[in-house]
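One structure is given below, encoded as structure tokens.
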Amino acid sequence: MIELDKHCQEHEIKLDYVVALCQNSGRVDQILGNIQTLFLVQKRKMLTKTNLYLMSDNAISFLLSPGDHVIQIPEETRAHPKAWCCLIPVGEPCHTVSTSGLKWNLSLQTASMALRLLNI
Numbered sequence: 349m350i351e352l353d354k355h356c357q358e359h360e361i362k363l364d365y366v367v368a369l370c371q372n373s374g375r376v377d378q379i380l381g382n383i384q385t386l387f388l389v390q391k392r393k394m395l396t397k398t399n400l401y402l403m404s405d406n407a408i409s410f411l412l413s414p415g416d417h418v419i420q421i422p423e424e425t426r427a428h429p430k431a432w433c434c435l436i437p438v439g440e441p442c443h444t445v446s447t448s449g450l451k452w453n454l455s456l457q458t459a460s461m462a463l464r465l466l467n468i
């Protein structure tokens, strides 16, 4: 990500999104390392105004900044018996989390690593 950010700055390239392919093999250290990459790209202000997605063989991971978001998931994906969604509060607690359109919706919930993760 560092090299991509540098290249984009040097050549004044604006990207809407980046999809990085990754693998975690079910290992917690690799999963957390991938999430840390997302967090550090945001914290270091790399690839600003670019949505960064990490895609593995069975998941797509991305960070949500504070504010409202609409995540559109195709119906055929939502209908799959192994489809799931997890909101993980990385860094700071997330207050007043609400969702709609999920199997179990949230209404003004608080999520933090100290309190709870939201598997919905």
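Count along the sequence shown from 1, add 348, and you get the number used in the numbering used here.
Virtual Cβ for every residue (Gly too), placed ideally from N, Cα, C.
Review point. At what residues does the alpha helix (DSSP H) containing ASN372 begin and finish?
Key: Locating residue 372 in the sequence shown gives position 24, counting from the first residue. ASN372 -> no alpha helix (DSSP H), and no H or E assigned at all.
Review point. Among the residues of its own chain, which have a CB less than 7 Å from the CB of ILE379, if the five just before and after it don't count?
Key: Position 31 of the sequence shown, counted from the first residue, corresponds to residue 379. Here the set comprises ASN372.
Review point. Measuring CA to CA, which of CYS433, ASP405, PRO437 is closest to PRO414?
Key: As a working note, residue 414 is residue 66 in the sequence shown. Per the Cα distances, PRO437.
Check your understanding: What does a CB cutoff of less than 8 Å around TYR401 pick up in its chain, not counting 5 residues either side in sequence?
Key -> The sequence position of residue 401 within the sequence shown is 53, counting from 1. Closer than 8 Å at Cβ, skipping near neighbours: TYR365, VAL366, VAL367, ALA368, ILE408, SER409, PHE410.
Practice item. With HIS428 as the anchor, note down where its alpha helix (DSSP H) starts and where it stops. Key: Stepping through the sequence shown from its first residue, residue 428 is reached at position 80. Neither: HIS428 is in no alpha helix (DSSP H) and is coded neither H nor E.
**Study point:** Identity of the residues DSSP links to CYS442 by a beta bridge
**Key:** As a position in the sequence shown, residue 442 is number 94, starting the count at 1. Its beta-bridge partners are ALA459.
Check your understanding: Looking at the unbroken beta strand (DSSP E) that takes in LEU344, where does it start and where does it end?
Key -> Past the edges of the chain, shown from 349 to 468, lies residue 344, and the structure says nothing about it.
Review point. Could you give the distance in angstroms between the alpha-carbon of VAL445 and the alpha-carbon of ASP416?
Key: Against the sequence shown, residue 445 aligns to sequence position 97. Against the sequence shown, residue 416 aligns to sequence position 68. Going by the C-alpha atoms only, they are around 10 Å apart.
Review point. According to DSSP, is ILE361 helix, strand or coil?
Key: The residue you call residue 361 lines up with position 13 of the sequence shown. Reduced to three states, the DSSP call for ILE361 is coil.
Exercise for review: Pick helix, strand or coil for ILE408, following the three-state DSSP scheme.
Suggested key: Translated into positions along the sequence shown, residue 408 becomes position 60. Three-state result, ILE408: strand.
Check your understanding: Across which residues does DSSP place VAL366 in a beta bridge pair?
Key -> To locate residue 366, count along the sequence shown from 1; it is residue 18. Answer by DSSP bridge pairing, in chain order: LEU400.
Review point. For THR385, does the three-state DSSP call read helix, strand or coil?
Key: Translated into the one-based positions of the sequence shown, residue 385 becomes position 37. If DSSP states are grouped into helix, strand and coil, THR385 belongs with the helices.
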